[in-house]
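Enquirer: Just so you know, we're using this note's numbering here: the sequence shown kicks off at 427 and counts up by one.
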Amino acid sequence: MFTAVLHREPDGGISLDLAVLYCEIVASNSNKQVLLGTASHTVTGSNYASTVVPSFLASLVTEPNPMLFNSMHTTHQCIYCDSPTVQAGFDYYYWASPPDPITFISTIDYTNVSVRKDVWGWVRCSLGLGIGFNIAINTLHVLWTPDVYPSIQRRALFRALLLVLECAWNDWWYLYVYALGQGAYRIQYADTLVLAELPRANGIMLYLAVSYAAARLFQLRVKLFLVVAMYFLCFSFREWIVTEYGVCTARAELGVSVGTVGRHETETPVMLRTKAPDIDLGRGMGFIRRRKKEGLVDPGVERQSDRGR
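1. So if DSSP puts Lys375 in a beta bridge, which residue, or which two residues, is it bridged to?
2. What residues are listed by DSSP as bridge partners for Thr669?
3. Counting along the chain, where does the alpha helix (DSSP H) carrying Trp599 start and finish?
4. Taking its Cβ as the centre, do 16 or more other Cβ atoms sit within 10 Å of Trp548, making it buried, or is it exposed?
5. Who are the near neighbours of Phe661 in its chain, counting only those whose CB is closer than 7 Å to its CB and skipping five residues on each side?
6. Compute the Euclidean distance between the alpha carbons of Tyr657 and Tyr633, then round it to the nearest angstrom.
7. Pick helix, strand or coil for Asn628, following the three-state DSSP scheme.
8. Tell me, please, whether the region 540-555 touches the region 599-606 by the rule of three or more beta-carbon pairs shorter than 8 Å.
9. Under the three-state reduction of DSSP, which class applies to Asn596: helix, strand or coil?
10. Would you call the CB atoms of Ala582 and Ile561 closer than 8 Å?
11. Would you decide whether Ser637 is buried or exposed? Buried here means 16 or more other CB atoms lie within 10 Å of its CB.
12. Taking just the CA atoms, how far does Glu623 sit from Arg585?
13. For the candidate residues Phe651, Asp597, Leu591 and Leu587, whose alpha-carbon lies nearest to that of Cys507?
14. Among Leu553, Phe663 and Gly609, whose alpha-carbon lies nearest the alpha-carbon of Ala678?
15. Between Leu553 and Leu589, which are expected to be in contact by the criterion C-beta below 8 Å, what is the C-beta distance as a whole number of angstroms?
16. Please tell me whether Arg612 and Val673 are closer than 8 Å, where the distance is taken between their beta carbons.
17. Please confirm whether Ala641 and Arg647 have their CB atoms less than 8 Å apart.
18. Count the other C-beta atoms from every protein chain shown that fall within 10 angstroms of the C-beta of Leu650, then say buried if there are 16 or more, exposed otherwise.
19. For Thr675, which residues in the same chain have their Cβ closer than 8 Å to its Cβ, ignoring the five residues on either side in sequence?
20. Decide if Arg550 is buried, meaning its Cβ has at least 16 other Cβ atoms within 10 Å, or exposed.
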């Protein structure tokens, strides 16, 4: 949703909280209107970990003296499950500040730092390490690849059950963050941090448990080498498999792109501030227009800034 809210500061300046899909920013004084530029790259997706939410630092060039806009240089976006200190995903953006407003608004120049916090990650890590140590001990003094599957079948089933219980206890946050990151990476949406090592280890544990249950049900003997090779082959080509044979991929990609798959969210606002009281941003921001992107936003949801607020 597009929002533009003006706030009058005690010192006479005006600040603007802005969340946009695509807009034109115009400021005016008593003599002229100045087009600062278009902000097509400042896309906000509600409840999404890797959304670009910049801060503006632009200069409004008037005659005879330029008026400077002062704002923050750093913004962040965060999603979390129960608390930002327990399980959360953060993106920090450090924005460049060129003096020319057209250059700033028309180009993307920032440093992005992605951080994932999960106080329960050590539980899933220890579950996967247990299987790895068991396989290593059984194969340490063997030259050829042995059939160690029988020795880890029940262990894999037990650890897979513990993993499912841990995920259910934390409201499936672990799977949610991984699926969200994979979807954003597949459609190349913004900058996304994808950590595949732990999901890969937990996936092989679940895969071994399911293979053991299926083999026991149908009274079959399965070679561990074939089971593991098939898993890693599918994991390596997972993006191609989803693209070619995925179910409801268009709907999933739309949900990722417009941010309709999120949970709780915090973020620093986008602010545009001037210390010059003679610049009427209330009247200037009346010219802000959101451009409708077909299929991504509801055309009925549109709102302009409140004049004089």
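Just so it is clear, CB atoms sit at the ideal spot from N, CA and C, and this is done for glycine as well.
Expert: A quick look at the data gives this:
1. Residue 375 falls outside the range modelled here, since the chain spans only 427 to 735, and no answer is possible.
2. Looking at the DSSP assignment, Thr669 forms no beta bridge with any residue, so it has no partner.
3. Trp599 to Arg612
4. With fewer than 16 other Cβ atoms within 10 Å, it is exposed.
5. Within the same chain, Arg626 and Gly629 come within 7 Å of Phe661 by CB-CB distance, once the 5 residues on both sides are set aside.
6. 7 Å
7. helix
8. yes
9. coil
10. no
11. Ser637 comes out buried.
12. 17 Å
13. Asp597
14. Gly609
15. 5 Å
16. no
17. yes
18. buried
19. Counting only Cβ-Cβ distances below 8 Å, and skipping sequence neighbours, we find Val668 and Thr669.
20. buried
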